[in-house]
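Going down the list, the sequences are from chains A and B. This note's numbering puts the first sequence at residues 320 to 512. This note's numbering puts the second sequence at residues -16 to 159. Following: one structure in structure tokens, then a few remarks.
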Amino acid sequence: MEKRELILKYLSGLLGKEEKIKFERELESDADLKNEFQKISEELNGLKFTPATDSEYFSNLEQKVKARVEKRGLRHKTNFAFGFGLVFSILIIFSVFEIFDGSKGTQPNQNKIVNSFSINSDEIVGNYSLNDLESLGITTDDYFSAGLSDVSVDDIINFLQTNDLNASDYLSSLNLSENSLNEIMENLKNKEY
Amino acid sequence: MSDKEDKQLIKEFLAGNESAYNVLARKYRQRIYWQARRMVGNHEDADEVAQIVLITIYNKLKDFKGNSSFSTWLYTITSSRSLDLLRKKKIKQFISLDFLVNKSNSDDIVKNFEDKEKLDAIEKKLEKLPEKQREVFILRHFEELSYNEIAEITGRKVGTLKANYFHALKKILGQE
């Protein structure tokens, strides 16, 4: 094995116990090996150099660290406040929609609903069943209030059952003509509702 | 200051005494900086690593179990943060042309011209080493740690570390 390679193995601790003892003996007796070993040691020790430094740097380092720690703490607080604010805003917006969402009320504004779908009364009578209208957000209330009494009795029963409404109370609350009202009530009786 | 004293300071810091942290930071700041500097090879990055390490210590002292010495824990954090920074730089260089820009060393903490030249020469030699070999070489040669301590820091086996150090020596001495 080449001398340099052997020295590097020795310095790395890669030699076995016996190899190590043998190497240390040779180092005592072999002048060339000793010379090479010293050369390498000096070269390596030369790397162990820590220069003089700007004395202010290390004292400023602590200040920089302190500032960053405080900034991080502040950022965490800001993030928390921002997150809380965002959730709170979403809840407020959601609540406002819940309060003013006409389709969920029991007495929705007829004009608003009909206008929002741009459907005129004739169109409703001609083209839509009660269930279709419900899916569009137009309730029977609107339907009846608009004078659109041309609706099947089955549809009315279905609507009253779905919404758990008393037929007499509900129909009385609508601005229907007496004739329309009587007619519907009669039909409901015939259907044994 | 012994490891026992370090642990006493940690205890005091965790009990709310902030100045105990300052004592620890003052004791170890130079060692952290130079370990990082040898790993990353320039002042700007070493400064960043040193700050991150000191912040990490501040935030994570409560997690220090005391199974190893405080200084071993510090070597581990400094080593891993330096490697993190080197990896990030590699990625950054891969996707940009940052490596074409010469890094200004005008704000280096080494002001003496001769010292600077000597340090540059050492940093160039260390730069030749792959990161893992560099890590082992720094911990063994500069910090004079035993292989068992380095194994604790790096999580590698002693046999592997010896081989890493051997190849690092060969490269440093210009044989590879």
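In this text, a Cβ means the ideal position worked out from N, Cα and C, and glycines have one as well.
Query, Result
"Expected contact under 8 Å - CB spacing of arginine 383 of chain A and glutamine 34 of chain B to nearest Å", "According to the sequence as given, residue 383 of chain A is lysine; it is not arginine. Between glutamine 34 of chain B and lysine 383 of chain A the Cβ distance is about 6 Å, and since that is below 8 Å, they are a contact."
"Start-end ranges of the beta strand (DSSP E) lying completely within the stretch 129 to 159 of chain B, minimum 3 residues", "none"
"Of the residues B/Tyr11, B/Glu100, B/Gly(-1), the one placed nearest serine -15 of chain B, counting alpha carbons only", "B/Tyr11"
"Start and end residues, alpha helix (DSSP H) containing glutamate 97 of chain B", "96 to 110"
"Cα-Cα separation, valine 32 of chain B to isoleucine 92 of chain B", "15 Å"
"Exposure label - glutamate 520 of chain A; buried when at least 16 CB within 10 Å", "Here chain A comprises residues numbered 320 to 512, so residue 520 of chain A is not present and cannot be evaluated."
"C-beta neighbour in chain A for valine 93 of chain B, strict 8 Å", "yes"
"Alpha carbon of leucine 44 of chain B to alpha carbon of serine 2 of chain B, nearest angstrom", "14 Å"
"Coil, strand or helix - aspartate 349 of chain A by DSSP", "coil"
"Chain-order list of residues whose beta-carbon lies under 8 Å from that of leucine 66 of chain B (same chain, five-residue window excluded)", "Met22, Glu114, Glu118"
"Where serine 331 of chain A meets chain B, residues with beta-carbon distance less than 8 Å", "Lys145, Ala146, Tyr148, Phe149, Leu152"
"Local Cβ density within 10 Å of threonine 137 of chain B, reported as buried at 16 or more and exposed below that", "buried"
"Distance between phenylalanine 125 of chain B and lysine 367 of chain A (C-alpha atoms, nearest Å)", "6 Å"
"Own chain, CB closer than 8 Å to glutamine 116 of chain B, minus 5 neighbours either side, in chain order", "Asn147, Tyr148, His150, Ala151, Lys154"
"Buried versus exposed call for serine 374 of chain A [16 or more other C-beta atoms within 10 Å across all chains shown]", "exposed"
"Neighbour flag for aspartate 351 of chain A against chain B, beta carbons, 8 Å", "no"
"Proximity winner among A/Glu321, A/Ile326, A/Glu324, A/Leu330, relative to lysine 145 of chain B (alpha-carbon distances)", "A/Leu330"
"Leucine 277 of chain A, DSSP secondary structure in three states", "This structure cannot settle anything about residue 277 of chain A, because the visible part of chain A is limited to 320 through 512."
"Where lysine 108 of chain B meets chain A, residues with beta-carbon distance less than 8 Å", "Leu366"
"Local Cβ density within 10 Å of lysine 75 of chain B, reported as buried at 16 or more and exposed below that", "exposed"
"Interface residues of chain B facing valine 384 of chain A [CB-CB closer than 8 Å]", "Ala8, Gln34, Leu37, Ile38, Tyr41"
"Proximal chain A residues relative to aspartate 98 of chain B, where beta-carbon distance stays under 7 Å", "Pro370, Ala371"
"Supposed contact pair isoleucine 38 of chain B and arginine 387 of chain A - C-beta distance, whole angstroms, cut 8 Å", "6 Å"
"Where the alpha helix (DSSP H) containing arginine 12 of chain B begins and where it ends", "1 to 23"
"Chain A contact residues for arginine 12 of chain B, given Cβ-Cβ distances below 8 Å", "Phe377, Leu380, Glu381"
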